[in-house]
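So for the sequence shown, UniProt numbering puts the first residue at 1; every next one is plus one.
Just below is one structure, and these are the notes that go with it.
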Amino acid sequence: MTKYLEMKGEKDMSNLCQWSFEGYFANYIFHNEKTGEGIFKICTSHSFLMGDAVADRIVVKRDARTKKDITWRYIICDATKCPTPFFSKGTPLIIYGGFTREKERWIFKLNDVRMESHDEMTLSNYFNSGNFPELSYQQSMALITYLRDTKQLNIIQFAEQENAAAILKEVCGVNKETAKNIIAVIMKTKMEEKVFRILSKANISFPYAAKCVKYYGNEAFKQLINDPYKTGYRIGLHLDECDKIMRHLGKYAPLDASRLKFAAFETTRRIENNGHTWTSLNDFAKAVNRTIIRTGDDSNNIELTSVLSVFYQTRELFCKSNKKNSIVYNRKIYDAENNAVENIIRLTSNREKIPFDARLIRKSEKACGMSYGKQQREAFPKILESKGIKILTGGPGTGKTTTIKGIILAYQEMHPKDVVKLCAPTGRAAQRMAESTEMPACTVHRLLNYTPYGEDANFKDASDPIDADLIVVDEVSMLDISLFSMLIDAIKTGATLVLVGDIHQLESVGPGAVLHDLLDINDKFIPKCMLTDVFRQKGGSPIIDNSKRINEGRTSLVTGKDFQIIQTKTETESMEKVKGIMKKYYDPKDPFKIQILCPSREGISGVVNQNTILQECLNTSKDKIFYGKGCYKVNDKIIMTKNNYEADYYNGDIGIIRSIDKNKQLHVEIREKEYVLTRDMMEDIRLAYGMTIHKSQGSEFPIVIVVMPMKPKIMLVRNLLYTAITRAKKQCIIINEGTALETAIKTIQAGNRRTRLKTLLEQRGMC
Numbered sequence: 001m002t003k004y005l006e007m008k009g010e011k012d013m014s015n016l017c018q019w020s021f022e023g024y025f026a027n028y029i030f031h032n033e034k035t036g037e038g039i040f041k042i043c044t045s046h047s048f049l050m051g052d053a054v055a056d057r058i059v060v061k062r063d064a065r066t067k068k069d070i071t072w073r074y075i076i077c078d079a080t081k082c083p084t085p086f087f088s089k090g091t092p093l094i095i096y097g098g099f100t101r102e103k104e105r106w107i108f109k110l111n112d113v114r115m116e117s118h119d120e121m122t123l124s125n126y127f128n129s130g131n132f133p134e135l136s137y138q139q140s141m142a143l144i145t146y147l148r149d150t151k152q153l154n155i156i157q158f159a160e161q162e163n164a165a166a167i168l169k170e171v172c173g174v175n176k177e178t179a180k181n182i183i184a185v186i187m188k189t190k191m192e193e194k195v196f197r198i199l200s201k202a203n204i205s206f207p208y209a210a211k212c213v214k215y216y217g218n219e220a221f222k223q224l225i226n227d228p229y230k231t232g233y234r235i236g237l238h239l240d241e242c243d244k245i246m247r248h249l250g251k252y253a254p255l256d257a258s259r260l261k262f263a264a265f266e267t268t269r270r271i272e273n274n275g276h277t278w279t280s281l282n283d284f285a286k287a288v289n290r291t292i293i294r295t296g297d298d299s300n301n302i303e304l305t306s307v308l309s310v311f312y313q314t315r316e317l318f319c320k321s322n323k324k325n326s327i328v329y330n331r332k333i334y335d336a337e338n339n340a341v342e343n344i345i346r347l348t349s350n351r352e353k354i355p356f357d358a359r360l361i362r363k364s365e366k367a368c369g370m371s372y373g374k375q376q377r378e379a380f381p382k383i384l385e386s387k388g389i390k391i392l393t394g395g396p397g398t399g400k401t402t403t404i405k406g407i408i409l410a411y412q413e414m415h416p417k418d419v420v421k422l423c424a425p426t427g428r429a430a431q432r433m434a435e436s437t438e439m440p441a442c443t444v445h446r447l448l449n450y451t452p453y454g455e456d457a458n459f460k461d462a463s464d465p466i467d468a469d470l471i472v473v474d475e476v477s478m479l480d481i482s483l484f485s486m487l488i489d490a491i492k493t494g495a496t497l498v499l500v501g502d503i504h505q506l507e508s509v510g511p512g513a514v515l516h517d518l519l520d521i522n523d524k525f526i527p528k529c530m531l532t533d534v535f536r537q538k539g540g541s542p543i544i545d546n547s548k549r550i551n552e553g554r555t556s557l558v559t560g561k562d563f564q565i566i567q568t569k570t571e572t573e574s575m576e577k578v579k580g581i582m583k584k585y586y587d588p589k590d591p592f593k594i595q596i597l598c599p600s601r602e603g604i605s606g607v608v609n610q611n612t613i614l615q616e617c618l619n620t621s622k623d624k625i626f627y628g629k630g631c632y633k634v635n636d637k638i639i640m641t642k643n644n645y646e647a648d649y650y651n652g653d654i655g656i657i658r659s660i661d662k663n664k665q666l667h668v669e670i671r672e673k674e675y676v677l678t679r680d681m682m683e684d685i686r687l688a689y690g691m692t693i694h695k696s697q698g699s700e701f702p703i704v705i706v707v708m709p710m711k712p713k714i715m716l717v718r719n720l721l722y723t724a725i726t727r728a729k730k731q732c733i734i735i736n737e738g739t740a741l742e743t744a745i746k747t748i749q750a751g752n753r754r755t756r757l758k759t760l761l762e763q764r765g766m767c
């Protein structure tokens, strides 16, 4: 099908010939995976009034079915002003636009493109280009013959029929499951195209279209246009992005109930990202207004009554009054805190003494090849003389790891038939735990057998507890209240839970202050072992000494080869120093030998700019995909920024891009395991030559470069700096702009997290 829409003469055909024609997708010359902008070739058997001069290449092929020679013309299409979803080779397309002359060749400038077909030869290429490995050539020809004879060559209209799978089964001789898979492949691309058509109008990237289709399947487009706010929240969009969709659809209304509900949810998400599990109603109403003002719509100040109306429309949020004021809760977080308290009481109720033989300490010393200090020795009976919950805290150099290793060995001597399990909040932290203890360790989610099913999930709980008698959890400061609640609910009565952490490190990314709240519980309920004595070794690194000085607020740090402070005057100078150090130390064969850490993503010396500059000077690979304003290359260091329980990667996991396949999907290695990142996952990754200090928690690197810019000043706080330098195992280099380092050491983070855990425990007489 070639349709000539407009022609104003052949003397000047630039931007004047308006056409629509059909063909199949051949290949990308350039494609931005995020924005959908690109240049590609389409192959068509149709001729043009301007002749074959418009074709980039002409190929004559014999059609196996008709035994006739067919002339195929490859047309270069410019989609930089008409973003498209990702098309696989052979996808049938109808494109709309006009030819223009550029650099002595014809380019077809796209106005629109649709996945559609009316042509047998185009369909033949589609079914035989590797998109449907389940179909043989003979089976695909049988299907095309059926579609031609029944006048259904529009493959999308055919696939949309309720009985399409049954027809495929009968015509092609495939089983029911294969027939459904074929229909799903056809509809997935079409649905992504339809959804992205809407999202691109709001400048929303293609991975969100892929995510929408993954969640909602063939209902994705309907869900999006019927309720952009509900759908947007589900796939991770922000309020202003959903507002743009509503404006495009002509449905925008500032006081729309769905919009207020979304604003309330986004506000709650922001409050939880700051670590709080509750807020006052007045503060919540102000925060909702700030959320709405951020969208650029400050014409309507939302009344408190309007915010209150949200709570009557949703079960997820609710408001509860006490003597002082009204409190807003997320029901899931509220339930998690209540559940945690009940399970803490359950696990600590049995305080029966268990005989402990002090000779087990010497046995552990011998097995670990060391001699324990006084505090370490005291930890053994505190943890092993009873069941229940125990806490062990300590900073670097206090012997926390060797103490835990010895305690586990002693426990196994005391209870040889018992099952011991080790875990940590992130994959990286679990890997470190396994290496240091020489025992298997996994993530908390893996220990819980966490398996997502759509919006719900299955995991271990009180009715199906974890098969373990001793559970040791490392990096507990990273545990938010939701994960802690799930974990403690799944621990059987009579088991021992040992929580290990460093109270001076950053608190969890999610809501709650689990470790800090538990430390206030009376010792008779939860025994606590605080390791503070630092074991200095002759010729040892000053990293441990300086971490202690920083905690004490002392600005005079010990410097030397293994702990350097490089002074700079500007961010630009800091960035130049970083480049010089990385060029000297970075080894592509061992990319995690050195890591840059910075408080902030923004700024000249911030993480975003660091990654752009360092990728260019450290990675020479030509194999890449374009994404937004940047690109991803083979051998790039990357970090996962979100949890994906189904795929088994987690926020903070770091890895390497090992290859990019023909479908432009990234194959990455994380924790010695290969992952294929499909398009709906592309918003979950960032470059990681540099990373924020928050993202580094739970990881260690031989060499760490800590970049300390003067701005933003709010990020110059003691525990952030402490966390950064304690990521270094052998060498730490601080790039200090002005007085940033001194400011951070002197500044204790203001304000505590608003949580209920400690209050609830106090009410039960445990504090």
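Just so you know, even glycine gets a beta-carbon here, dropped at the ideal spot from N, CA and C.
Would the beta-carbon of I543 fall within 8 angstroms of that of A728? Going by beta carbons, I543 and A728 fall inside the 8 angstroms limit.
Status (buried if at least 16 other CB within 10 Å, exposed otherwise) for K34: buried
Reduced DSSP secondary structure (H/G/I, E/B, other) of G394: In the structure shown, G394 falls within a strand segment according to DSSP collapsed to helix, strand and coil.
I'd like the list of long-range same chain contacts for N274, defined as Cβ closer than 7 angstroms, with 5 residues on each side in sequence excluded. none
For G23 versus H31, is the C-beta spacing smaller than 8 angstroms? No, the pair does not count as a contact, with Cβ atoms beyond the cut-off.
Can you tell me whether Q763 is buried or exposed, with buried defined as 16 or more other CB within 10 angstroms of its CB? Classified as exposed, Q763 has fewer than 16 neighbouring CB atoms from the shown chains inside 10 Å of its CB.
Which stretch, first to last residue, makes up the beta strand (DSSP E) that contains F318? L317 to S321
Kindly indicate which three-state DSSP category K685 falls into: helix, strand or coil? A small fix is needed here, since residue 685 is Ile in this sequence, not Lys. It is a strand residue.
Simplified DSSP assignment, three categories, for P381: helix
Residue span of the beta strand (DSSP E) that contains F701, given as start and end: F701 to M708
Strand pairing of P452, partner residues [DSSP]: A457
When DSSP labels each residue in this structure, what does S200 get in the three-state scheme? The answer is helix: DSSP assigns S200 an H, G or I state.
Residues in the same chain with beta-carbon distance under 7 angstroms from M115, minus the five sequence neighbours each way, listed in chain order, please. Counting only Cβ-Cβ distances below 7 angstroms, and skipping sequence neighbours, we find T91, P92, L93, I156, T189, K190 and E193.
Pick helix, strand or coil for P440, following the three-state DSSP scheme. coil
Looking at C-beta atoms only, is the number of pairs between the region 679 to 686 and the region 634 to 646 that lie closer than 8 angstroms three or more? Yes, the region 679 to 686 is in contact with the region 634 to 646.
Quick one: is R432 buried, meaning 16 or more other Cβ sit within 10 Å of its Cβ, or exposed? buried
Three-state secondary structure assigned by DSSP to E102: strand
Output needed for V60: all residues of its chain with C-beta closer than 6 angstroms, excluding positions within five of it in sequence on either side, in chain order. D69 and T71
Three or more C-beta pairs closer than 8 angstroms, one from the region 428 to 446 and one from the region 554 to 563: is that the case here? No, because fewer than three Cβ pairs between the region 428 to 446 and the region 554 to 563 fall closer than 8 angstroms, the two stretches do not touch.
Of the listed residues V473, G628, K746 and R658, nearest to residue 798 (C-alpha basis): Residue 798 is absent from the structure shown; the chain starts at 1 and stops at 767.
Residues of its chain near A165, where Cβ-Cβ distance is below 6 angstroms and the 5 sequence neighbours each way are ignored: A179, K180 and I183
I'd like the list of long-range same chain contacts for N339, defined as Cβ closer than 7 angstroms, with 5 residues on each side in sequence excluded. S485 and D489
Touch check for the region 229 to 236 and the region 207 to 219: three-plus C-beta pairs under 8 angstroms? yes
According to DSSP, simplified to helix, strand and coil, what is M121? helix
Do D418 and D467 have their CB atoms nearer than 8 angstroms? No. Outside cutoff.
Got a sec, what are the start and stop residues for the alpha helix (DSSP H) S482 sits in? I481 to D489
Rounding to the nearest angstrom, what Cα-Cα distance links D533 and T314 in this structure? Approximately 51 angstroms, taken between the alpha carbons.
Tell me whether Q595 is buried or exposed, calling it buried when 16 or more other Cβ atoms sit within 10 Å of its Cβ. Using a 10 angstroms sphere on the CB of Q595, the tally of other CB atoms reaches 16 or more, which defines it as buried.
On the criterion of 16 or more Cβ atoms from any shown chain inside 10 Å, does D267 qualify as buried, or is it exposed? Here the sequence assigns Thr to residue 267, which means Asp is not the residue at that position. The residue is buried, with at least 16 neighbouring Cβ atoms inside 10 Å.
Keeping to the same chain, check which residues put their C-beta closer than 8 angstroms to that of P588; ignore five residues upstream and five downstream. L618, N619 and N635
Would you report the Cα separation of F284 and R270, rounded to the nearest angstrom? Distance between the alpha carbons of F284 and R270 is about 11 angstroms.
Once you ignore the five residues that flank L597 on each side, which residues in its own chain have a CB closer than 8 angstroms to its CB? These residues qualify, in order along the chain: G690, M691, T692, I693, S696, V704, I705, V706, V707, A724 and R727.
Closest to S20 by CA distance: which of Y28, I29 and H46 is it? Looking only at Y28, I29 and H46, the smallest Cα-Cα distance to S20 is reached by H46.
In the DSSP assignment, what are the bridge partners of Y208? In the DSSP output, where bridge partners are listed per residue, Y208 has none listed.
Of the choices R756, L716 and L757, whose alpha-carbon is the least far from that of A744? L716
What are the partner residues of C631, as DSSP defines its beta bridges? F626
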